[in-house]
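>
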Amino acid sequence: MPVYNTKQETLQMQGEEKNTINVQYLGVGGYLFRHGQNALMTAPSITNPSLLKILSLTRLKTNEGLVDRLLPTVEDVEMVLVGHSHYDHLLDVPYVMRKYAMNAVVYGSKTMGHIMAAAVDKSRIIAVDTYAAKGKTPGQWIYNQDRTIRFMAIESEHAPHFAGMKLLPEGPYDKDLKHLPRTVFGWVEGQTYAYLIDFLNEQGNIAFRVHYQDAASTPPLGFVPDLPANDLKRVDLAILCVASFTQVKEYPEGIIRAIRPKNILLGHWEDFFRNQKRPVKVLRTTNVRNFIKRLESVMPGDSQWQMPMPFTQMRFPLVEKTE
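Take a look at the structure:
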């Protein structure tokens, strides 16, 4: 049966801790993945500027005190993956990398790199554009230092925000910024990427596979490319974006049919304009029940979904069998 979380709590699935992947939802598109001594994070978003602040074009900046209070331990994070560069994904990343994830390298589009260069040493920034999969053509795997985690960027897209229109600029930036953007319109989208993330065992085999998206996309954008036989494995966990799903066709149906994931997490569903002290609510104009109905109509019979509250932790068992 599917699990719908209505409060912050830890969900433990079958399997002992040493044989599991721990996943913590950080809100919006942010997730913290940990297995043993290795950790990877997707861009955390905690500040949540109010809609009034966004519309008034007041300077956007990280709420450092809030991040200090809510961010879990990330000192062991080696990789930070950024799907796209809007403020609700990238705003907090410079502060997190400077103060907490001080050994991490951030990966994303060239535009992301040009923004991050205003606040983080360029040796810690890698643009994935030349490494990414395009359509059915595989990209290059990028590994962590001890080759226990690898990922492949996949060209994707960002769905329109409303009535077929994007309300924020796409960019791109073609040179490094001297200062982080001041308003919402400076945090431009850049090229959007999905990611295929593998956690590897001691023999270098795939122990757990994640497909991650931080923006809804039109099929087949963001799909897993045609991989060689030795890289084939069923997706153990798919992370989907609920926001703006009605602005593209066949989402989530297309991606679910294509990758047949064993487990599914629904993210970017909550109102990210709210103050973190206030109760969590569904993002306005978003019909989550309809998303779930459409998801359940196409997901494999042995799959299950969860819609976690921000900062919920979940454990998933390693599944090393190639399917």
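Under our numbering, residues 250 to 572 are what the sequence shown spells out, in order.
Here a beta-carbon is modelled for each residue, glycine too, at the ideal position from N, C-alpha and C.
(1) Using beta-carbon positions only, say whether Ala464 and Ser405 come within less than 8 Å of one another.
(2) Ends of the beta strand (DSSP E) at Leu445?
(3) For Ala507, I'd like the list of residues in its chain whose CB is within less than 8 Å of its CB, leaving aside the five on either flank, ordered along the chain.
(4) I'd like the list of long-range same chain contacts for Met361, defined as Cβ closer than 6 Å, with 5 residues on each side in sequence excluded.
(5) Quick check on this structure: which residue in Lys542, Tyr336, Lys310 and Lys511 has the alpha carbon closest to the alpha carbon of Pro418?
(6) Starting from Thr360, trace the alpha helix (DSSP H) in both directions and tell me its first and last residue.
(7) Ignoring anything shorter than 4 residues or poking outside the stretch 315 to 374, list the alpha helix (DSSP H) runs there in chain order.
(8) Give, in chain order, every unbroken run of the beta strand (DSSP E) that is at least 3 residues long and sits entirely within the stretch 490 to 557.
(9) Have a look at Trp436 and Val531 and give me their C-alpha separation to the nearest angstrom.
(10) Report all residues from its chain with a CB closer than 6 Å to the CB of Ile374; omit the five preceding and five following residues, and keep chain order.
(11) Does DSSP classify Phe565 as helix, strand or coil?
(12) Residues in its own chain within less than 6 Å of Pro430 by CB, not counting five upstream and five downstream?
(13) For Gly357, I'd like the list of residues in its chain whose CB is within less than 6 Å of its CB, leaving aside the five on either flank, ordered along the chain.
(14) Identify every residue that forms a DSSP beta bridge with Tyr461.
(15) Going along the chain, which residues of its own chain have a beta-carbon closer than 7 Å to the beta-carbon of Leu476, five neighbours each way excluded?
(16) Tell me the DSSP secondary structure of Asn393 in three-state form.
(17) Compare the C-alpha of Leu567 against each of Phe282, Tyr274, Gly278 and Gly276 and name the closest.
(18) Beta-carbon separation of Phe521 and Gly276 under 8 Å?
(19) What are the boundary residues of the beta strand (DSSP E) that Ile398 is part of?
(20) Closer than 6 Å by C-beta to Val377: which residues in its own chain qualify, once you throw out the five before and the five after it? Chain order, please.
(21) Just grab the DSSP bridge partners of Phe282 for me.
(22) Alpha carbons only, please: which of Gln496, Leu416, Leu486 and Gly420 is nearest the one belonging to Thr535?
(23) Tell whether a beta-carbon distance below 8 Å holds between Thr307 and Leu340.
(24) With a cut-off of 8 Å on the beta carbons, I'd call Ala487 and His460 a contact; round off their distance for me.
(25) Report the rounded CA-to-CA distance for Cys490 versus Gln452, giving the unit in angstroms.
(26) Going by C-alpha distance, which of Thr269, Asn268, Lys267 and Gly279 is nearest Met558?
(27) At the level of alpha carbons, what is the spacing between Leu309 and Glu327?
(28) From which residue to which residue does the alpha helix (DSSP H) around Lys302 run?
(29) From this set, Gln525, Lys385, Ile504 and His338, which residue's C-alpha is nearest Met548's C-alpha?
(30) Output yes or no for whether 8 Å exceeds the beta carbon distance between Ile398 and Asn271.
(31) Hey, Tyr274 and Phe560 are a contact pair by Cβ (cut 8 Å); roughly how many whole angstroms apart?
So, to answer that:
(1) A Cβ-Cβ contact shorter than 8 Å links Ala464 with Ser405.
(2) For Leu445, the enclosing beta strand (DSSP E) begins and ends at Tyr442 to Leu449.
(3) Non-local beta-carbon contacts of Ala507 in its own chain, meaning distances under 8 Å to residues more than five positions away in sequence, involve Pro468, Pro469, Phe472 and Val473 in chain order.
(4) Only Val331, Ser334 and Gly439 meet the Cβ criterion.
(5) Comparing alpha carbon positions, the residue from Lys542, Tyr336, Lys310 and Lys511 closest to Pro418 is Tyr336.
(6) Counting along the chain, the unbroken alpha helix (DSSP H) around Thr360 starts and ends at Lys359 to Met365.
(7) Counting only runs of 4 or more, we get 336 to 339, 342 to 348 and 359 to 365.
(8) Those beta strand (DSSP E) runs which fall completely within the stretch 490 to 557 and span 3+ residues are 512 to 516 and 553 to 556.
(9) Whole-angstrom Cα-Cα distance: 24 Å.
(10) Cβ within range, chain order: Val355, Gly362 and Met365.
(11) Three-state DSSP puts Phe565 in a strand.
(12) Taken in chain order, the residues that qualify are Trp436.
(13) Only Val331 meet the Cβ criterion.
(14) In the DSSP output, where bridge partners are listed per residue, Tyr461 has Tyr444 and Ile488.
(15) Contacts found: Pro387.
(16) The DSSP-derived three-state label of Asn393 is coil.
(17) Taking only the C-alpha atoms, the option nearest Leu567 is Phe282.
(18) Less than 8 Å separates the beta-carbon of Phe521 from that of Gly276.
(19) Ile398 to Glu404 is the span of the beta strand (DSSP E), which, as asked, contains Ile398.
(20) Tyr356 and Ala402.
(21) Under DSSP, Phe282 forms a beta bridge with Val272 and Leu289.
(22) The residue from Gln496, Leu416, Leu486 and Gly420 with its alpha-carbon nearest to that of Thr535 is Gln496.
(23) In this structure, Leu340 does not lie closer than 8 Å to Thr307 by Cβ.
(24) By a beta-carbon distance limit of 8 Å, Ala487 contacts His460. Their separation comes to about 5 Å.
(25) Rounded to whole angstroms, Cys490 to Gln452 spans 33 Å at the Cα level.
(26) Of the candidates Thr269, Asn268, Lys267 and Gly279, the residue whose Cα lies closest to the Cα of Met558 is Gly279.
(27) Inter-residue distance for Leu309 and Glu327 is about 27 Å (C-alpha atoms, whole angstroms).
(28) From DSSP, the alpha helix (DSSP H) with Lys302 extends over Leu300 to Leu304.
(29) Of the candidates Gln525, Lys385, Ile504 and His338, Ile504 places its Cα closest to the Cα of Met548.
(30) No, the pair does not count as a contact, with Cβ atoms beyond the cut-off.
(31) Their Cβ separation, rounded to whole angstroms, is 7 Å, which keeps Tyr274 and Phe560 in contact under 8 Å.
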